[in-house]
Amino acid sequence: MLEKLMPFEQHYLDLNGNKMHYLNEGEGEPVVMVHGNPSWSFYYRNLVSALAGNHQCIVPDHIGCGMSDKPNDANYDYTLKQRIDDLETLLDSLGVTENITLVVHDWGGMIGTGFAARYPERIKRLVFLNTAAFHLPKSKPFPWALWICRDTLLGTILVRGFNAFASAASYVGVKRKPMDKATRKAYVAPFNNWANRISTLRFVQDIPLKPAHRNYDLVTEISASLAKFQQTPTMVCFGLQDFVFDEHFYAQWKDKMPYAEFHEFPDCGHYILEDASDDVIGLIKTFISKHP
Numbered sequence: 001m002l003e004k005l006m007p008f009e010q011h012y013l014d015l016n017g018n019k020m021h022y023l024n025e026g027e028g029e030p031v032v033m034v035h036g037n038p039s040w041s042f043y044y045r046n047l048v049s050a051l052a053g054n055h056q057c058i059v060p061d062h063i064g065c066g067m068s069d070k071p072n073d074a075n076y077d078y079t080l081k082q083r084i085d086d087l088e089t090l091l092d093s094l095g096v097t098e099n100i101t102l103v104v105h106d107w108g109g110m111i112g113t114g115f116a117a118r119y120p121e122r123i124k125r126l127v128f129l130n131t132a133a134f135h136l137p138k139s140k141p142f143p144w145a146l147w148i149c150r151d152t153l154l155g156t157i158l159v160r161g162f163n164a165f166a167s168a169a170s171y172v173g174v175k176r177k178p179m180d181k182a183t184r185k186a187y188v189a190p191f192n193n194w195a196n197r198i199s200t201l202r203f204v205q206d207i208p209l210k211p212a213h214r215n216y217d218l219v220t221e222i223s224a225s226l227a228k229f230q231q232t233p234t235m236v237c238f239g240l241q242d243f244v245f246d247e248h249f250y251a252q253w254k255d256k257m258p259y260a261e262f263h264e265f266p267d268c269g270h271y272i273l274e275d276a277s278d279d280v281i282g283l284i285k286t287f288i289s290k291h292p
């Protein structure tokens, strides 16, 4: 069933002994799609199908996600910096160093923008989908569900023992259009046991909320880097019923990227490429064609 939903060739890159899975479909200017937590490259399957006729579509699975290896803490550093390093290594290995359209979602926003901050000259267009590249807005309380996962033993048991995070996201992450059984199963399939759910938990634990937290300064730097892209064609699409990346984050994007093209979807949730697939894919195709 997964092959029908995602009929692409599988590629792998060795990262210090860990295999990173990625898609590499089509030819032309590169479109790099970076997923978040708790998803994987499957999230972008329909966008790849729509763009691969004219573009090289590159979609990594972060280590610990999707079809990539899922090492323990001794064999991989589950941190934002390492994620950015991994993306840089992948793109360098493919010789992708210019004219990049970067499409990011959830944690992919921080990872992708972290890469862009290092190499702004490589970025041609930016597309942000229910994500952030800055600290938690002051107007937004840290969601209690994330706090439980991040800071309690109960959260560890729920996430790693019962796959609560990935499973719940497949239900609450869509609002306009519930996922069918096959799609929901595909989202949670890679996270099928305690060991394979390590990244799901580590992503949440890596969220920096205070200056003393690891990655806080890096997120500050990434946020500041957005000023470099004021002249870069940028589009922001948001499902406003996302329980994390909601109107508070959307307002922050408008403040930080005032010249971007904005599209809001009041009836959609976190997985906007599921809820409003045709709408968002159409907008992305039009956006790319408007900025040749």
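In terms of full-length UniProt numbering, the sequence shown is residues 1 to 292.
We put the CB at the ideal spot given by N, CA and C, even for glycine.
Beta-carbon proximity check, residue i vs residue j, cutoff 8 Å
i: Val104; j: Gly112; result: yes
i: Met257; j: Leu226; result: yes
i: Val59; j: Thr101; result: no
i: Gly108; j: Gly36; result: yes
i: Pro38; j: Ala169; result: yes
i: Leu2; j: His11; result: no
i: His248; j: Ser139; result: yes
Which of helix, strand or coil DSSP assigns to residue i
i: His21; result: strand
i: Pro30; result: strand
i: Ile207; result: coil
i: Ile63; result: coil
i: Arg214; result: coil
i: Gln37; result: Residue 37 is actually Asn in this sequence, not Gln. Of the three classes helix, strand and coil, the one that applies to Asn37 here is coil, per DSSP.
i: Gly95; result: coil
i: Asn75; result: helix
i: Leu136; result: coil
i: Tyr171; result: helix
i: Phe201; result: Per the sequence presented here, residue 201 reads as Leu, with Phe not at that position. Looking at Leu201 - three-state DSSP - the assignment turns out to be helix.
i: Asn130; result: strand
Closest by C-alpha distance to residue i, when choosing among the options
i: Leu186; options: Arg45, Met20, Asp14, Val31; result: Reading the sequence as shown, one finds Ala at residue 186 and not Leu. Cα-wise, what sits closest to Ala186 is Arg45.
i: Leu5; options: Lys19, Ala224, Leu47, Pro38; result: Leu47
i: residue 301; options: Pro71, Leu153, Glu247, Val32; result: Lying before the first or after the last residue shown, residue 301 is absent from the chain, which here runs from 1 to 292.
i: Thr131; options: Leu283, Phe243, Thr152, Asp73; result: Phe243
i: Asp217; options: Ile288, Phe238, Ser167, Phe134; result: Phe134
i: Lys254; options: Thr89, His55, Phe238; result: Phe238
i: Leu94; options: Val31, Ala117, Asp106, Pro266; result: Val31
i: Met33; options: Leu13, Asp246, Leu129; result: Leu129
i: Phe8; options: Asp180, Glu25, Lys285; result: Glu25
i: Glu29; options: Gly17, Phe42, Thr97; result: Thr97
Enclosing alpha helix (DSSP H) for residue i [first to last residue]
i: Gly282; result: 277-290
i: Phe265; result: Taken as a continuous stretch (DSSP letters only), Phe265 belongs to no alpha helix (DSSP H), being part of the beta strand (DSSP E) at 261-265.
i: Arg184; result: 181-188
i: Lys256; result: 247-256
i: Arg45; result: 45-51
Short CB-CB distance (under 8 Å) between residue i and chain D
i: Val96; result: Judged by its chain identifiers, the structure shown contains no chain D, having just a single protein chain.
Limits of the unbroken beta strand (DSSP E) element including residue i
i: residue 298; result: Residue 298 lies beyond the range of the chain shown here (1 to 292); nothing can be said about it.
*For the stretch 121-133 and the stretch 49-67, state whether three or more C-beta atom pairs, one from each stretch, are separated by less than 8 Å.*
Flag = no, the stretch 121-133 and the stretch 49-67 do not touch.
*the stretch 166-185 in contact with the stretch 270-277 per 3-pair CB rule at 8 Å*: yes
*Should the stretch 204-224 be called in touch with the stretch 76-85, which here means at least 3 C-beta pairs below 8 Å?*
yes
*Could you tell me whether the stretch 73-80 touches the stretch 189-205, where touching means 3 or more Cβ pairs closer than 8 Å?*
yes
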